[in-house]
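Asks:
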Amino acid sequence: MQDSAETDIFYVCSTETSDWINAKGDTMHFADMNRPEDQAALFGEMHGVDSLICPETCNFYAPYYNQATIEGLLRDTCLFRSRCAKATEEVKDAFAYYMRHFNYGRRFVLIGYSQGAYAVVELLKELKPEQADRMVAAYVIGYQVTKEDLSYPSIRAAQSATDTGVTVCYNSVASVDAEVSILSSSTAIGINPVNWQTDATPATYIYDFGGANDTLTATLDTLTHLTIIRGYKGFCPQVPFCGREGNYHCLEIPLYYRSLKENIALRITCKNSL
249 MQDSAETDIF YVCSTETSDW INAKGDTMHF ADMNRPEDQA ALFGEMHGVD SLICPETCNF
309 YAPYYNQATI EGLLRDTCLF RSRCAKATEE VKDAFAYYMR HFNYGRRFVL IGYSQGAYAV
369 VELLKELKPE QADRMVAAYV IGYQVTKEDL SYPSIRAAQS ATDTGVTVCY NSVASVDAEV
429 SILSSSTAIG INPVNWQTDA TPATYIYDFG GANDTLTATL DTLTHLTIIR GYKGFCPQVP
489 FCGREGNYHC LEIPLYYRSL KENIALRITC KNSL
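So for the sequence shown, the working numbering puts the first residue at 249; every next one is plus one.
This is the structure we're talking about:
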């Protein structure tokens, strides 16, 4: 990251915090950024994402926000959307502050992962026209973009590796049976995050994160818009309370970190050439 770059990345963290007990003995279902442990949890993800997928020629911004906790979202999934919506109000305020005080009219990339991807979809719905004109792309990672979402003018599905002003969306599984429905069952779009195609053309690549050396194949299922991964041999943490074997939600960034970094840089180049 460098503060003088011409393009910004605005990143929204996934769910990194757990329920906690306040001084009154109440169980709290939202993080508190006044708590050092909650702030540290988000910072760890921010640092990792900045290091892994953000081109060195970009400025990196990421808001701390009182996100819904993992238990608050997934122990009782009927509250998932309402709690995400409440946390997203802080993200909207942070984005508005970033636009007023830090962006200075530069082009920008939006990226959100899981709960953060929910927030990015909501940010897209409220982008002002002049902001939408400066957006390189939005990456909705590990969450869905619904048919209703596509009715908003600032949400257009990516069709290739080089289009700009578009929304990239993907969710990864070993098979369609491993889908976590609350995250992706209503998605109306998807793209292969290796070959950046929207058909079923498979893409074979070397997965080397953390010292691995596996040959994986990523294929988009055009009916469900899920990315099907074959060949993964490593450990995959499961989504708490509703996880399924073969669901790669917790690996959505590590699985494709090289491809993501290259694609962000490519879309920036394409935007700059317009």
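Yeah, the Cβ is synthetic: ideal placement off N, Cα and C, and Gly gets one too.
Does DSSP put Ala310 in a helix, in a strand, or in coil?
Replies: As a working mapping, residue 310 is identified with position 62 in the sequence shown. It is coil, neither helix nor strand.
Asks: Identify which residue in Glu319, Ser432 and Pro401 has its Cα closest to the Cα of Thr472.
Replies: If you number the sequence shown from 1, residue 472 lands on position 224. Cα-wise, what sits closest to Thr472 is Ser432.
Asks: Give the DSSP-derived three-state secondary structure of Asp267 in the structure shown.
Replies: Here residue 267 corresponds to residue number 19 of the sequence shown, with the count starting at 1. Of the three classes helix, strand and coil, the one that applies to Asp267 here is coil, per DSSP.
Asks: Could you give the first and the last residue of the continuous alpha helix (DSSP H) run that contains Leu375?
Replies: Here residue 375 refers to the residue found at position 127 of the sequence shown. Careful: Leu375 lies outside any alpha helix (DSSP H) and carries neither H nor E.
Asks: Whose CA, out of Leu499, Ser521 and Asp256, lies closest to the CA of Phe350?
Replies: The count along the sequence shown starts at 1 and reaches residue 350 at position 102. Among Leu499, Ser521 and Asp256, the Cα nearest to that of Phe350 belongs to Asp256.
Asks: Since Arg355 is in the beta strand (DSSP E), which residue starts that stretch and which ends it?
Replies: For this step, residue 355 is matched to residue 107 along the sequence shown. It spans Arg355 to Tyr361 - the beta strand (DSSP E) in which Arg355 sits, taken as one unbroken run.
Asks: Among residues of its own chain, excluding the 5 on either side of Asn511, which ones have a beta-carbon nearer than 7 Å to its beta-carbon?
Replies: Position 263 of the sequence shown, counting from 1, holds the residue named residue 511. These residues qualify, in order along the chain: Ala409 and Trp444.
Asks: Helix, strand or coil for Cys484? Go by DSSP, reduced to three states.
Replies: Numbered from its first residue, the sequence shown carries residue 484 at position 236. It is coil, neither helix nor strand.
Asks: Would you grab the beta carbon distance between Thr415 and Ala406 for me? Rounded to a whole angstrom, and I think it's under 8 Å.
Replies: Position 167 of the sequence shown, counted from the first residue, corresponds to residue 415. Position 158 of the sequence shown, counted from the first residue, corresponds to residue 406. With a Cβ gap of about 6 Å, Thr415 and Ala406 count as contacting.
Asks: With Ala466 as the anchor, note down where its alpha helix (DSSP H) starts and where it stops.
Replies: Stepping through the sequence shown from its first residue, residue 466 is reached at position 218. Counting along the chain, Ala466 falls outside any alpha helix (DSSP H), though it belongs to the beta strand (DSSP E) covering Asp462 to Asp469.
Asks: Within a Cβ cutoff of 6 Å, which residues of the same chain sit near Ser262, ignoring the five residues on either side of it in sequence?
Replies: Here the question's residue 262 lines up with position 14 in the sequence shown. Same-chain partners within the cutoff: Tyr361, Ser362, Gln363 and Gly364.
Asks: Throw me the rounded Cβ distance for the Asp447 and Leu468 pair, which I believe falls under 8 Å.
Replies: Counting from one through the sequence shown, the residue named residue 447 turns up at place 199. Counting from one through the sequence shown, the residue named residue 468 turns up at place 220. Yes, they are in contact, since the Cβ atoms of Asp447 and Leu468 sit about 7 Å apart, within 8 Å.
Asks: Is the region 266-286 touching the region 376-383 in the sense that three or more CB pairs, one from each, lie closer than 8 Å?
Replies: Short answer: they don't touch.
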